[in-house]
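Chemist: The sequence shown begins at 3 in my numbering and counts up by one.
Positions of the beta carbon are idealized from the N, C-alpha and C atoms, including for glycine.
First the structure, which I've put down as structure tokens, then a few questions once you've had a look.
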Amino acid sequence: MQSLREIIKRLHPAQVPAKVGPIGVQFAREELHLVQMQSASDGGVTLRARASIPYPGAFDEIMNSPGRLRSLVHRALRANGFIGRKVVSSMAADEVRIISVCYQLNKGEEDDHAIVDLMRDRIDGQLADYVLDYVPVRTKSKEGQRLALVAMSKRQEVLEHLELLQALGLRIEALEIGPVAIRRLIQAMSSQQEPENVLVVNFGTDKSYLTIVSHRRLLSDQEIAFGENTILRRLSETLDISPEMARNMVFKNGLDPAGARDAVGLALADTGMFNTLLEIVKPELTRLAEEIRRAFMYATSESRGGPTQRVYILGSIARWPGSDTLLDTIIDVPVRKIPDPSAIFHATDGQPEDANHDPSTDGAAPELAVATGLALRGMDRDE
């Protein structure tokens, strides 16, 4: 005979408490990005909170004012439904150098020892002045060669970043590099799809980064001398206008005629301004497309096959209207902006929306990619 307690338990099973993940924190050049995830009743992951907050001043000025930054961070956490102060953060791209290294193990030798010995000859100065970490790429081959991506940062810069987080009243769970966060996000986005070679282009001001993810593996991260200023300078020189005017022109007119949002944009397109922009911008993106093709050739050789391929873009140029559409027409691979995390992970009911989110971005939020990947740390059972 069942007891009353057993009957109640069977009719009303205990709810498994949601697991709330750490807060992904990225100090981007123009905005502070915060994302937090939590587990869902079906075992999946949902978006708990998000925020993108413009800095009340120049980036370097705010980073050197912990008091002002602390106030900004705490207001954002309270206003957007974040829980706790445990964070995963990333170093700025210009503070991290990532190189691909081939190595072999001697009998009984561990990977980290072999990599450290190899890096002694590749670092300017003393090894003790740097913090190293690595991501395995290839652990087996007929020749016994292994391949890894090694990330290095100056120890002093790492300590300063950690001290800043502590000064903001945040509890540091982990410090990661951007490519690892991007891999985790791509993995979450494609977990139900066939294996893919995905290339993520993270556009910066003067430099950009090409990150290749093959299914669950981070294959490479390459810095290239191409960024938003590359195109703005060309527009400025050709049209004899300032770079800021060139940038405003791109945002007003866009790079896709179907994306013109207002009468001014349509009028510019009708008078040939759209074609003029395209004639200047397209050759620059064509050079970028060559880098993308070479990256995919490498990915195909490392993944030993030809899985489906796609490109995601994020960063500065990804905010330009129609940039993904134009790049899509140049290369034979689908190009998309990283979707808004609300579209990938259903937002938790009752949580406030990000007040700074622009609803006109048609489901894309490339600026939140790194922070979302950081927030996913520890949320995947297979990680």
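1. Can you tell me which of the three DSSP states residue 352 falls into?
2. Find out if the Cβ-Cβ distance for the pair residue 387, residue 312 is shorter than 7 angstroms.
3. Take residue 56 and list the residues in its own chain whose beta-carbon comes closer than 6 angstroms to its own, dropping the five residues that flank it on each side.
4. Starting from the C-beta of residue 31, find all residues in its chain whose C-beta is less than 6 angstroms away, skip the five residues before and the five after it, and write them out in chain order.
5. For the beta strand (DSSP E) containing residue 373, list its first residue and its last residue.
6. Residue 2 lies in the beta strand (DSSP E); which residues open and close that run?
7. What is the C-beta distance between residue 184 and residue 371, in whole angstroms, given that I count them as a contact (C-beta under 8 angstroms)?
8. List the endpoints of the continuous beta strand (DSSP E) containing residue 76.
9. Taking the beta carbon of residue 82 as the centre, do at least 16 other beta carbons fall within 10 Å, making it buried, or is it exposed?
10. Please report the distance separating the alpha-carbon of residue 366 from that of residue 164.
11. Only counting the same chain, and skipping five residues up and downstream in sequence, which positions put a Cβ closer than 7 angstroms to that of residue 176?
12. Which partner residues does residue 405 have in the DSSP bridge list?
13. Using DSSP with H/G/I as helix, E/B as strand and the rest coil, what is residue 1?
14. Would residue 62 count as contacting chain C if we go by Cβ distances under 7 angstroms?
15. What residue range is occupied by the uninterrupted beta strand (DSSP E) comprising residue 347?
16. What residue from 237, 374, 214 and 77 has the CA that sits closest to residue 285's CA?
17. Using a Cβ-Cβ cut-off of 7 angstroms (strictly less than) and excluding sequence neighbours within five positions of residue 187, which residues of its own chain qualify?
18. Could you pull out every residue in the same chain whose Cβ sits closer than 7 angstroms to the Cβ of residue 347, ignoring the five residues on either side in sequence?
19. Which two residues bound the contiguous alpha helix (DSSP H) that contains residue 298?
20. Below 8 angstroms, how does it come out for the region 216-223 and the region 237-250: are there three or more Cβ pairs, yes or no?
21. What are the start and end residues of each continuous alpha helix (DSSP H) run of 4 or more residues lying completely inside the region 84-161, in chain order?
22. Excluding the 5 residues flanking residue 291 on each side, which residues of the same chain have their C-beta closer than 8 angstroms to its C-beta?
23. Since residue 338 sits in a beta bridge, which residues does DSSP pair it with?
24. Thinking C-beta only, is residue 151 closer than 7 angstroms to residue 137?
25. Would you kindly work out how many angstroms separate the C-alpha atoms of residue 302 and residue 199, rounded to a whole number?
26. Rank 116, 101, 23 and 191 by C-alpha distance to the C-alpha of residue 345 and give the top, closest one.
27. Using the beta-carbon count (16 or more within 10 Å), is residue 108 buried or exposed?
28. Taking Cβ to Cβ, would you say residue 205 is nearer than 7 angstroms to residue 297?
29. Where does residue 381 sit, in a helix, a strand or coil, going by DSSP?
30. Classify residue 22 as helix, strand or coil using the three-state DSSP reduction.
31. Out of 288, 251 and 289, state which residue places its alpha-carbon closest to the alpha-carbon of residue 1.
32. Which residues bound the beta strand (DSSP E) around residue 1?
33. Could you name the residues that DSSP lists as bridge partners for residue 224?
34. Can you say whether residue 66 is buried or exposed, counting buried as having 16 or more other CB atoms within 10 angstroms of its CB?
35. Leaving out the 5 sequence neighbours to the left and right, which residues in its chain are closer than 7 angstroms to residue 116 when beta-carbon positions are compared?
36. Run the CB neighbour count on residue 258, radius 10 Å, all protein chains shown included, and call it buried at 16 or more, exposed below.
Modeler: Looking at the atomic coordinates:
1. Caution applies to residue 352, whose pLDDT of 45 falls short of 50 and renders its modelled position unreliable; the value that the coordinates give is listed next. Correct three-state label for residue 352: coil.
2. Lying before the first or after the last residue shown, residue 387 is absent from the chain, which here runs from 3 to 385.
3. 33
4. 61
5. Residue 373 -> not in any beta strand (DSSP E); alpha helix (DSSP H) instead, spanning 371-377.
6. Shown here, the chain extends from 3 to 385; a query on residue 2 therefore has no answer.
7. 6 angstroms
8. It is not in any beta strand (DSSP E) - residue 76 instead sits in the alpha helix (DSSP H) that spans 68-81.
9. buried
10. 31 angstroms
11. 90 and 379
12. In this structure the chain extends from 3 to 385, so residue 405 is not present and cannot be described.
13. For the chain, the structure presents residues 3 to 385; residue 1 sits outside this window and is missing.
14. Considering every chain present, this structure includes no chain C. It has just one protein chain.
15. From DSSP, residue 347 is part of no beta strand (DSSP E); its letter is neither H nor E.
16. 237
17. 371, 374, 375 and 378
18. 39, 47, 48 and 49
19. 275-305
20. no
21. 113-121
22. 329, 332 and 333
23. 314
24. yes
25. 8 angstroms
26. 191
27. exposed
28. no
29. coil
30. strand
31. Lying before the first or after the last residue shown, residue 1 is absent from the chain, which here runs from 3 to 385.
32. Residue coverage of the chain in this structure runs from 3 to 385, which leaves residue 1 outside it and unanswerable.
33. 212
34. exposed
35. 105 and 107
36. buried
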